[in-house]
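Residue numbers (the working numbering): 233 to 834.
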Ligand SMILES: Cc1cc2nc3c(=O)[nH]c(=O)nc-3n(C[C@H](O)[C@H](O)[C@H](O)COP(=O)(O)OP(=O)(O)OC[C@H]3O[C@@H](n4cnc5c(N)ncnc54)[C@H](O)[C@@H]3O)c2cc1C
């Protein structure tokens, strides 16, 4: 099994060219993010991920988490690595300074998070959920909740969870039955939650659960749901720990992947009721939880990218070592399998998709920083519109593509890919959960279609398409055959996306079932074209760095690296963006058959 190595050159390139990081760190509030500090943070994060977290990936998978006498035990080394994570103040990189955060760009945090996500997905899930809980409490919590909980969550001394799912309430959160009974200014929470990631762990002395429940007498459905902060151990007014609360992990799920991540069935209120406090207003729980879920959707998309990076590193190393057969072009015998065109195709598919996901992730992260910090209100507004539009795309496209990459990684290994010791299979198993949790990818596609495109008549989508058009023009005029070829595919892709957007908006007005039947291919088209645009921009940057000597030197780009960027973008245009016309036909013509077949005929 190949060890994880942080791809720092790729990360730096994507920060600069996909996220516009050099400009981004000039935004007010980012004064601390000097180039030297950023460089230091990236290097240290790379070391921590590769040396501390990475080695736990395989052992964590084979050992798994266990429930012993009502207490979760994580695999050997997990707790120590978490301790080092807290000591290294890695949890607080992009959190606001009011409660101890470092206030650095969200985009920088995305880059460092990618590294531990790749080093061990199962390990990285715990801090991921904590950050989501912090965002929800910061946005909607009372001053008292912020005072008591945020400082410890920000350092990572306590961890956070999100509790939506119940056996009968998965995608349909409104069907939940957990209930809350008022007791003075607090509530007693009763109910069972399932599939709760890191619902308990042996890292810290407290866990802060964010739990959705219905206050007695509240309306049915999502309109009657409230959000509660329910700690594992009650916290006294002076911040010290009090009594154990009435909640416990009942069992752990046996899963296809992420074995080290404890997925808990949680029981709240088996006795007197779990004591909690309301976050936000009564019956406004879904809106509050959405703050956490939007953060988690971005971060689950990151997991898709990260798992792909890990699978790609492993497949690349294997393909250079494994000797098999004859080079079809030169006739040379006993060559490494990387010499076979089909293996090269698979590897380029993995490489280009991984770079495309990184570009999309960092671009979106940079929009979020602009939405929060740009002094120009018009820029803030348009950046937020892009964030809203692309969050479901990031979650679903990156996790579907991450699975595809991990799947190809197994194929590159041949029979050894099917053998667990190689490690390629673990990436595929671990990646498989990402399209499912945090709102399945079908739900993300519905969100893109309905709330993000139909609701504003396609305005945000069309604004993004307009933002993408100039790159196609620049590629066409760059005087390079590869760039011209990318321009053609990107131009066609943009035309298809524009037509598909019109169709989705129109279908939304009179045939919502048909438009829902096309939501997933529409999201795939959106992701492919946006990623193709970002790789096209990367190719343009690589070309100018390569072509003009002075510019190349200033950019510090190795000419080989720059040339590879252009070839990789060309591959992505020819193999992925080119699917646009097929996807458009599926979107506009394919819905009929989906809705036509009678239920009894399935
Ligand atoms: C390992 C793991 C960790 C998890 N961690 C957490 C956690 O920490 N906290 C938490 O609260 N939950 C967690 N979950 C739960 C997870 O978010 C849900 O499993 C997920 O939202 C899907 O719900 P479901 O399993 O009930 O599937 P269902 O909702 O039953 O969906 C089944 C299928 O129907 C489709 N479907 C359902 N409704 C619609 C619709 N309206 N339109 C189109 N398609 C639809 C789905 O896309 C899916 O393909 C976790 C789950 C797992 C497996």
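Heads up, the beta-carbon is just placed ideally off N, CA and C, and yes, glycines get one too. Model, not experiment: these values are computed from the prediction.
Asked, Found
"Test item: CB-CB of residue 420 and residue 541 under 8 Å", "no"
"Cα-Cα separation, residue 278 to residue 236", "10 Å"
"Residue 660 beta carbon near ligand 1 (any heavy atom closer than 7 Å)", "no"
"Among 468, 614, 524 and 762, nearest to residue 441 - alpha-carbon criterion", "524"
"For residue 578, the nearest candidate out of 431, 409 and 547 (CA to CA)", "547"
"Validate contact between the region 432–440 and the region 302–311 using beta carbons, cut 8 Å, 3 pairs", "yes"
"Reduced DSSP category for residue 699 - H, G, I as helix; E, B as strand; rest coil", "helix"
"DSSP three-state assignment for residue 669, whether helix, strand or coil", "coil"
"Distance cut-off 7 Å: residue 403 Cβ against heavy atoms of ligand 1", "yes"
"Coil, strand or helix - residue 664 by DSSP", "coil"
"Sequence-distant residues of its chain with Cβ nearer than 7 Å to residue 710 (five each side left out)", "772 and 775"
"Check whether residue 592 and residue 397 have beta carbons under 8 Å apart", "no"
"Straight-line gap, residue 597 to residue 247 (C-alpha atoms, nearest Å)", "10 Å"
"At least three beta-carbon pairs within less than 8 Å, the region 323–332 to the region 371–386", "yes"
"Touching by the beta-carbon criterion (3+ pairs, under 8 Å), the region 710–720 and the region 791–802", "yes"
"Whether residue 510 touches residue 458 by CB criterion (8 Å)", "yes"
"Distance between residue 588 and residue 662 (C-alpha atoms, nearest Å)", "20 Å"
"Residues near residue 334 in its chain [Cβ-Cβ closer than 8 Å; skip 5 each side]", "264, 321, 324, 325, 326 and 327"
"Completely contained alpha helix (DSSP H) runs for the region 702–784, where each covers 4 or more residues", "713–742, 744–749 and 751–779"
"Selection from 543, 411, 825 and 686 that minimises the alpha carbon distance to residue 515", "411"
"Residue 614 - DSSP class collapsed to helix/strand/coil", "helix"
"Buried versus exposed, by CB contacts within 10 Å (16 or more), residue 699", "exposed"
"Residue 591, enclosing alpha helix (DSSP H) - first and last residue", "573–605"
"Reduced DSSP secondary structure (H/G/I, E/B, other) of residue 262", "coil"
"Meets three-Cβ-pair contact criterion under 8 Å: the region 652–667 and the region 678–697", "no"
"Distance cut-off 7 Å: residue 396 Cβ against heavy atoms of ligand 1", "yes"
"C-beta contact flag for residue 418 and residue 507 at 8 Å", "yes"
"Closest residue to residue 805 among 768, 789, 738 and 821 (Cα-Cα distance)", "768"
"Within 8 Å, strictly: CB atoms of residue 424 and residue 497", "yes"
"Inter-residue spacing [alpha-carbon to alpha-carbon] between residue 808 and residue 280", "34 Å"
"Neighbour-count burial assignment, residue 782, 16 or more Cβ in a 10 Å radius", "Low local confidence applies: a pLDDT of 40 at residue 782 is under 50, so the model's placement there is unreliable, with the coordinate-based value given in what follows. By the 10 Å Cβ count, residue 782 comes out exposed."
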